[in-house]
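Numbering (the numbering used here), first residue to last: 94 to 252.
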Amino acid sequence: MIRQAEPADLAALAEIETAADGMFVPLGIVFPPGTTVVEGCDDPGRVIVAGRPPVGFALVGVVDGLTHLEQIAVHPDHGNRGIGTRLLDAVCAAAARAGSAAVTLTTFRDVPWNAPWYARRGFHVVRPHAWGPELTGLVEHERSLGIEVAPRVVMRKDL
Numbered sequence: 094m095i096r097q098a099e100p101a102d103l104a105a106l107a108e109i110e111t112a113a114d115g116m117f118v119p120l121g122i123v124f125p126p127g128t129t130v131v132e133g134c135d136d137p138g139r140v141i142v143a144g145r146p147p148v149g150f151a152l153v154g155v156v157d158g159l160t161h162l163e164q165i166a167v168h169p170d171h172g173n174r175g176i177g178t179r180l181l182d183a184v185c186a187a188a189a190r191a192g193s194a195a196v197t198l199t200t201f202r203d204v205p206w207n208a209p210w211y212a213r214r215g216f217h218v219v220r221p222h223a224w225g226p227e228l229t230g231l232v233e234h235e236r237s238l239g240i241e242v243a244p245r246v247v248m249r250k251d252l
């Protein structure tokens, strides 16, 4: 069940994100401590969840006037069941209803369940010269946190 998050759902999201981040370890990608994206989120209106209690989530914001997917994560115990795709579809549908022209995101270029996965769902790589000022600042912020531990790209799907 894909649904809008409720306040009580927010407490479970960091554990889902941390578990999902563990999937990167065999690829040599280890995230710096303290970079859990959802820890600072106190607005359930920015989160779409899968399940009750949640087993996956998508966290969205607005960057350069477009819907920006800040994070999508599915607990590995519930992976390979289409939950991520349903969450992404829900994000795109909500963005279209809100009048957003596109959805943007940053992701790892070479991780199979990152850029290649998004590309199969209609996203394309956006070169740096086409980034807006907020997106440029976001990428710089990720670098300063040490998140760019492998090649990353900005992607966009026009709605």
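Quick reminder that beta carbons are idealized off the backbone N, C-alpha and C, glycines included.
Are the beta-carbon atoms belonging to Val140 and Phe124 less than 9 Å from one another? Remark: C-beta atoms of Val140 and Phe124 do not approach each other more closely than 9 Å.
Whether Arg202 touches Ala143 by CB criterion (9 Å): Arg202 places its beta carbon 9 Å or farther from that of Ala143.
According to the neighbour-count rule (16 or more other Cβ atoms, all chains shown, within 10 Å of its Cβ), is Glu99 buried or exposed? Its Cβ having fewer than 16 others within 10 Å, Glu99 is exposed.
By DSSP, does Ile109 sit in helix, in strand, or in coil? If DSSP states are grouped into helix, strand and coil, Ile109 belongs with the helices.
DSSP three-state label for Leu252, please. It is coil, neither helix nor strand.
Beta-carbon contacts of Arg245 that lie in its chain and below 8 Å, excluding the five residues immediately before and after: Residues Thr199, Thr200, Phe201, Arg202, Val232 and Glu235 of the same chain have their beta carbon placed closer than 8 Å to that of Arg245, with the five preceding and five following residues left out of the count.
Contact belief for Val167 with Gly177 at Cβ below 8 Å, rounded distance in angstroms: Going by Cβ atoms, the distance from Val167 to Gly177 rounds to 5 Å, so yes, they are a contact pair.
Applying the 10 Å Cβ sphere with the 16-neighbour rule, what's the burial state of Ala195? Classification of Ala195: buried, given that the 10 Å Cβ count is 16 or more.
Nearest neighbour of Ala105, chosen from Phe117, Met116, Pro137 and Leu120 [CA to CA]: It is Pro137.
Reference His161; option with closest CA among Ala191, Gly172, Asp135 and Pro209: Ranking Ala191, Gly172, Asp135 and Pro209 by Cα distance to His161 puts Ala191 first.
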